[in-house]
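Notes for the one structure printed next.
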Amino acid sequence: MHNLTLQKMGLNYVYLPFPIRPDQLEDMLKAMRVLNLCGLNVTIPFKEMILKYLDQLSPLARDCGAVNVVKNDNGKLVGYNTDGLGFIASLQERGIPLKGRALFIGAGGAARAVAWALATNGISHLDFLDRDEARAREMAERLINRSYSAASHPMSRQSFADLSRQADFIINATPVGMFPGVNAAPVDNLDGVLEHCVICDLIYHPIRTLLLKMGEQKGLRTVSGVSMFVHQGALTLELWTGRKPPLDYMREVVLDALER
Ligand code: NAP
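The numbering used here applies: residue 136 is where the sequence shown begins, and numbers increase by one.
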């Protein structure tokens with residue numbers, strides 16, 4: 136996505152993978168300064184551990200405690216988080232109003248970024264379900280401390296049934312349903328879900344997960360993780376290059392690759 140888009144924009148950049156071990160992270164960032172790399176994306180397990188090595192954080196990255204983008208600003212390394220903002224943009228492009236209650240299935244790194252972005256963009260209450268209840272509790276407590284209303288619950292059929300009846304957004308933030316396990320969904324059914332509830336999946340491969348198909352069968356609005364993926368990528372390229380990338384082209388490139 137990035138290389139084709141950079142070519143399309145006529146920019147002389149290249150996006151490369153650098154597989155490193157966790158104990159090499161600090162050296163990698165030193166190398167970034169020495170080699171004058173303009174930016175980096177980081178993924179699991181680096182999103183949280185990178186914070187202490189950076190010179191500055193965007194307010195969202197600081198508050199949610201996770202970074203997925205680094206920009207090299209003349210030797211000063213600045214951390215950003217575009218995952219959550221990418222998710223917000225994926226709702227905004229569909230004209231979906233950001234208000235009400237969000238129910239998260241899963242409380243990992245992606246849930247964290249999306250939850251902070253939602254909490255600071257109009258959502259009034261967030262519920263987290265996780266099979267590891269302590270993980271969900273930690274997430275909810277961090278949000279409560281920042282004066283948003285949030286609660287944690289153990290993942291069970293009953294707790295999902297109770298909470299999903301009040302939710303305006305249901306968000307799958309687990310890998311359940313991701314390729315190749317495409318016949319799985321994180322919940323058995325969407326019975327009792329409000330008519331206007333939006334079913335979101337952060338998974339982008341496949342484009343339409345079983346959970347989204349379950350939502351469509353009930354006539355609910357659904358949002359695939361593909362939009363979040365494309366938007367976070369576009370926000371990232373803009374941070375690095377200072378230019379707005381062609382969003383439709385990026386989406387086309389991603390959909391083409393996923394469909395193939
Ligand atoms: P993560 O930090 O490992 O968190 C995964 C969460 O899912 C944890 O809460 C984990 O629970 C839970 N989980 C894992 N396997 C489960 C299972 N079999 N049943 C129930 N819960 C399970 O991963 P992440 O980075 O947040 O990623 C989560 C999903 O978001 C992935 O599918 C990833 O591809 C997607 N994502 C999409 C985008 C995008 O741009 N669209 C960006 C980032 C991530 P435990 O705590 O019990 O392990």
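All C-beta atoms in this analysis are idealised placements derived from N, C-alpha and C, irrespective of residue type, glycine included.
All figures in this text were calculated on a predicted structure; none of them were measured in a lab.
For the alpha helix (DSSP H) that contains residue i, what are its first and last residues?
i, result
"C332", "Segment: none, C332 is in no alpha helix (DSSP H) and carries neither H nor E."
Mind checking who residue i pairs with in its DSSP beta bridge?
i, result
"Y215", "V204"
"N307", "I240 and D336"
"S284", "H260"
"N176", "V204"
"Q191", "V213"
The beta strand (DSSP E) that contains residue i, what's its start and end?
i, result
"V358", "R356 to V358"
"R197", "Unbroken run through R197 is the alpha helix (DSSP H), P194 to C199; no beta strand (DSSP E)."
"N461", "Summary: the structure shown does not reach residue 461, with the chain confined to residues 136 through 395, and so no result is reported for it."
"L186", "Premise fails: L186 is in no beta strand (DSSP E) and is neither H nor E."
Should residue i and residue j be called a contact, given that it needs their Cβ atoms to be closer than 9 Å?
i, j, result
"L212", "D190", "yes"
"L261", "A250", "yes"
"L298", "L264", "yes"
"R292", "G327", "no"
"A269", "A285", "no"
"R356", "I231", "yes"
"I334", "L393", "no"
"S362", "A254", "no"
"R378", "M144", "yes"
"L164", "V205", "yes"
"L325", "K353", "yes"
"G243", "N207", "no"
"A221", "L370", "The question names Ala, yet the displayed sequence has Gly at residue 221. Contact: yes."
"L139", "Y339", "no"
"G200", "R272", "no"
"V365", "M136", "yes"
Could you check if residue i is buried or exposed, using at least 16 other CB atoms within 10 Å of its CB as the buried criterion?
i, result
"M184", "exposed"
"D303", "buried"
"R247", "buried"
"H331", "exposed"
"Q367", "buried"
"V149", "exposed"
"T178", "exposed"
"P321", "buried"
Comparing alpha-carbon positions, which option in the options lies nearest residue i?
i, options, result
"I155", "V149, N176, G350 and Q367", "N176"
"D158", "P180, M349 and L139", "P180"
"L238", "N209, L151, S362 and L329", "L329"
"W375", "G214, K187 and P152", "G214"
"A308", "L346, I279, E273 and N318", "L346"
"D267", "A245, N324 and M290", "M290"
"L170", "L192, S193, G350 and G210", "G210"
"K348", "P381, P194, L160 and D323", "D323"
"T344", "F364, E228 and M313", "M313"
"G219", "R236, N147, N256 and R395", "N256"
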